[in-house]
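Chains as they are written, first to last, in this note's numbering: chain W, 898 to 1007; chain V, 32 to 145.
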């Protein structure tokens, strides 16, 4: 079974502070991990995926298979980063089912 | 390039009724997935269609059914509506690729069952 846990429902930081959104997963094989973001009044969109190992809008996430984690980090938060963030897992094979966590609402205060 | 569109935007139905939700996939995408997002929860996978065939199903009862058409648009049908079916229904389209295909989401249909 696939499971994604985001332990923080809400996270509030000040502008310029570092931010880390936690994500832990449970999956027996080799998963693919993603972070999706939903800004206010916008649709859900992909932020980054672990396979591409890229940095988007200053965010990075490293897959730690030992700790089964895929935490999202940014060294200096900006007000425009305020949004709902979802961690998601895709299992192996031809099934492209995404399993989402419950999400973390990030608020960056001025 | 046209993004994923869904209709209707909002819908109110009565318990026991049937509903059909529609999704037009992004141009060039042949795979459509449907998700249910209850209030305060993350999206939950209902099923996926690839080239008009069901390609995987989540933990939803058979009264949730779907179709995909030759132009890759899709429908989600829910029979015998229950109060717990009230949720945001999201459609996402993608092109199957090896290694981390991106799913493009529509704006959703908000279903309220009274």
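The beta carbon of each residue, even a glycine, is placed where N, CA and C say it ideally should be.
- Separation of residue 927(W) and residue 69(V) (C-alpha to C-alpha, rounded to the nearest whole angstrom) is 28 Å.
- Taking every protein chain shown into account, the CB of residue 45(V) has fewer than 16 other CB atoms within 10 angstroms, so this residue is exposed.
- Excluding sequence positions up to five before and after residue 94(V), its CB lies within less than 8 Å of the CB of 109, 110 and 111, all in the same chain and listed in chain order.
- By the Cβ-count criterion, residue 84(V) is exposed, with fewer than 16 other Cβ atoms from all chains shown falling within 10 Å of its own Cβ.
- Annotated as proximal: residue 970(W) and residue 916(W), with beta-carbon spacing under 9 Å.
- Between the stretch 932–939 of chain W and the stretch 975–989 of chain W there are three or more inter-stretch CB-CB distances shorter than 8 Å, so the stretches are counted as touching.
- Between residue 922(W) and residue 965(W), the C-beta spacing is below 9 Å.
- C-alpha of residue 997(W) to C-alpha of residue 931(W): approximately 9 Å in a straight line.
- It is roughly 46 Å from the alpha-carbon of residue 957(W) to the alpha-carbon of residue 48(V).
- Partner residues in the beta bridge of residue 43(V), as assigned by DSSP, are 143(V).
- Between the alpha carbons of residue 121(V) and residue 944(W) lies a gap of roughly 18 Å.
- Beyond the five residues adjoining it in sequence on each side, residue 1001(W) comes within less than 6 Å, by CB distance, of 903, 905, 908, 918 and 982 in the same chain, given in chain order.
- Comparing C-alpha distances from residue 66(V) to each of 57(V), 59(V), 87(V) and 42(V) shows the shortest one belongs to 87(V).
- For a Cβ distance threshold of 8 Å, residue set 993 of chain W lies close to residue 62(V), ordered along the chain.
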